[in-house]
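2 protein chains.
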Amino acid sequence: MIPERTIGRISLYRRALRDSLAEGSANIYSHELAARCGVTSAQVRRDLMHVGYNGSPNRGYMVRELLDSIDKLLDPQVAENVALVGVGNLGRAILAYFGSRGMKLRITAAFDKDPTKAGRVFHGCRCYGIEEAAAVIPSEGILSVMLTVPASEAQGVADLLVAAGVRGIVNFAPVRLRVPPEVCVENMDFTTSLERVAFFARGNAMKTEPLRL
Amino acid sequence: MIPERTIGRISLYRRALRDSLAEGSANIYSHELAARCGVTSAQVRRDLMHVGYNGSPNRGYMVRELLDSIDKLLDPQVAENVALVGVGNLGRAILAYFGSRGMKLRITAAFDKDPTKAGRVFHGCRCYGIEEAAAVIPSEGILSVMLTVPASEAQGVADLLVAAGVRGIVNFAPVRLRVPPEVCVENMDFTTSLERVAFFARGNAMKTEPLRL
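Take a look at the structure:
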């Protein structure tokens with residue numbers, strides 16, 4: 239079993255490798271990949287041992303081959319269905335974003351508690367009433383969801399989704415979900431990110447600029 | 239100077255402490271806070287040395303007092319203006335989200351390249367043409383932005399924002415930004431998060447359920 243943090247970094251490497259390929263690079267050294275991802279090159283080499291692809295000391299890694307190996311590790315063998323729960327502004331933005339991509343992970347069902355949304359199609363994705371989740375999630379083989387409901391509803395909806403068979407939740411609600419240990423939750427926390435960035439922006443502004451009074 | 243990762247964790251502790259306060263807890267032990275944030279209790283105690291608030295071995299930390307100390311460290315002394323750039327579905331969702339909160343960080347200006355959006359107000363926030371950023375960003379004292387433009391435009395817009403004085407960017411575009419070293423970027427990467435969650439959901443589904451064939 240590969241540790242969660244390692245998978246997180248390998249997923250970052252993939253993003254950086256795709257950028258690198260788009261920029262026309264055929265090969266990349268571990269120190270270059272490390273610099274793009276903010277880790278050490280020793281870390282990169284250690285993590286990539288899990289991928290089962292070795293670079294050469296002279297030419298580094300072949301970008302295309304390394305990407306293929308990472309895809310094989312991270313991606314489902316066949317296209318996998320994902321659901322989005324909560325079709326508000328944020329949910330629609332995510333549907334539009336994923337709808338336009340040919341990914342192995344496809345959002346094939348949306349859910350909302352608003353009965354006027356059920357039965358409609360948003361950005362190519364069918365919306366169901368949330369009460370249909372118990373039936374639709376197993377029948378579509380859905381294991382992972384993007385959760386974009388209001389904070390006050392997130393825990394109740396998460397409970398219902400887990401009962402329906404969901405094992406992975408990307409949680410956009412600003413609340414910590416209580417889930418059984420077999421369920422993986424990743425929090426997308428806009429506020430915390432903004433706070434962090436703003437903290438450093440203040441410090442860096444002080445370091446690099448004369449005070450604007 | 240407190241390291242970036244430490245600030246990230248302290249910001250997570252604050253989130254957990256707010257949850258804890260909302261649940262009615264007056265005090266919390268370092269191991270409880272650690273468990274909520276997925277770190278060790280030794281890490282919590284080490285990080286909180288930067289905050290300048292000490293708990294007691296018998297009662298742990300007083301939640302309210304610890305929160306106040308963290309606020310004092312992380313928050314700006316006075317309310318701080320932030321901008322949002324790119325008023326699409328995602329941008330509007332973020333404006334709605336932040337507009338409803340009384341935070342020290344306030345989104346006081348939005349920018350979009352679409353001339354039909356300039357001059358309008360979205361969720362209480364005035365939208366300017368992107369060409370006005372060079373004037374509005376310094377005059378509003380804006381140091382940090384939420385960047386919600388399409389990937390193809392993100393680098394160009396980031397360049398323009400940095401030139402206008404921006405020092406912190408929460409980047410929602412699925413592209414790695416090249417910025418000078420004095421600019422802090424945090425990537426909100428929906429795809430990578432979903433990939434990671436889906437990877438573990440598959441593994442956990444295999445561990446905890448009979449195969450559905």
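Those protein sequence lines, which keep their order, are chains A and B. Just so we're aligned: 429 in this note's numbering is position 191 of the first sequence, and the numbers increase by one with no gaps anywhere. Just so we're aligned: 287 in this note's numbering is position 49 of the second sequence, and the numbers increase by one with no gaps anywhere. From the three backbone atoms N, C-alpha and C, an ideal C-beta is built for every residue, glycine too.
- For the region 249 to 337 of chain A, the continuous alpha helix (DSSP H) assignments of 4+ residues that do not extend past its boundaries occur at 268 to 275, 279 to 286, 301 to 312 and 327 to 337, in sequence order.
- Membership of D350 of chain B in the beta strand (DSSP E) is indicated by the continuous run L343 to D350.
- Sequence-distant partners of A436 of chain B (beyond 5 residues in either direction) whose C-beta falls short of 7 Å from its own C-beta are missing from its chain.
- In the same chain as M426 of chain B, and ignoring 5 residues on each side of it, the C-beta atoms closer than 8 Å to its own belong to V408, N409 and F410, in chain order.
- Per DSSP, the beta bridge partners of S382 of chain B are B:V320 and B:G406.
- Of the other Cβ atoms in all chains shown, 16 or more fall within 10 Å of the Cβ of S382 of chain B; this residue is therefore buried.
- From the listed residues B:D350, B:F336, B:D257 and B:Y251, the smallest Cα separation to L432 of chain A is found for B:F336.
- Beta-bridge pairing by DSSP links R364 of chain A to A:V359.
- Cβ neighbours of A254 of chain A within its own chain (closer than 7 Å, five residues either side excluded): L271, R274 and C275.
- DSSP places V387 of chain B outside any beta strand (DSSP E), giving it a letter other than H or E.
- Counting along the chain, no beta strand (DSSP E) covers V421 of chain B, and no H or E run does either.
- Nearest neighbour of P419 of chain B by Cα position, chosen from B:C365, B:V404 and B:T429, turns out to be B:V404.
- Contact between the region 309 to 325 of chain B and the region 368 to 384 of chain B is present: three or more C-beta pairs spanning the two stretches fall below 8 Å.
- Minimum Cα-Cα distance from K355 of chain A among the listed residues A:E369, A:K342 and A:N296 corresponds to A:E369.
- When 9 Å is used as the limit between beta carbons, P314 of chain A is near these residues of chain B: A436, F437 and R440, in chain order.
- Counting C-beta pairs closer than 8 Å gives three or more between the region 245 to 260 of chain B and the region 278 to 287 of chain B, which meets the contact rule.
- Judged by pairs of C-beta atoms under 8 Å, the region 386 to 401 of chain A does not touch the region 297 to 316 of chain A, as fewer than three such pairs exist.
- A residue is called buried when at least 16 other Cβ atoms come within 10 angstroms of its Cβ; S268 of chain B meets this threshold and is buried.
- Between the beta-carbon of L328 of chain B and that of A331 of chain A there is about 4 Å, and that keeps the pair under the 8 Å contact cut.
- Check the Cα spacing between D350 of chain B and each of B:L343, B:C365, B:F360 and B:Q393: the tightest is with B:C365.
- Interface annotation, S382 of chain B: in contact with chain A, CB-CB separation under 8 Å.
- Apart from sequence neighbours up to five positions away, the residues of its chain that approach V413 of chain A with a beta-carbon distance below 6 Å are A389 and A392, ordered along the chain.
- A straight-line Cα-Cα distance of about 17 Å links K310 of chain B and L259 of chain B.
- At least one beta carbon of chain B lies nearer than 8 Å to the beta carbon of A334 of chain A.
- One finds R253, A254, D257 and R274 in chain A with Cβ atoms closer than 8 Å to the Cβ of R414 of chain B, taken in chain order.
- Burial of M384 of chain B is indicated by the presence of at least 16 other C-beta atoms within 10 angstroms of its C-beta.
- Under the Cβ criterion of 8 Å, S249 of chain B is counted among the residues facing chain A.
- Take G293 of chain B, set aside five residues on each side of it, and the residues of its chain with a beta-carbon closer than 6 Å to its own are Y299, in chain order.
- Exclusion of the five residues before and after L343 of chain B leaves E318 and V320 as the residues of its chain whose Cβ lies within less than 6 Å of its Cβ.
- DSSP places A371 of chain B in the uninterrupted alpha helix (DSSP H) bounded by A371 to S377.
- With contacts defined as CB atoms closer than 8 Å, V374 of chain A and A396 of chain A fail to qualify as a contacting pair.
- Rounded to the nearest angstrom, the gap between the Cα atoms of R252 of chain B and L305 of chain B is 6 Å.
- When 9 Å is used as the limit between beta carbons, E370 of chain A is near no residue of chain B, the shortest such separation being about 18 Å.
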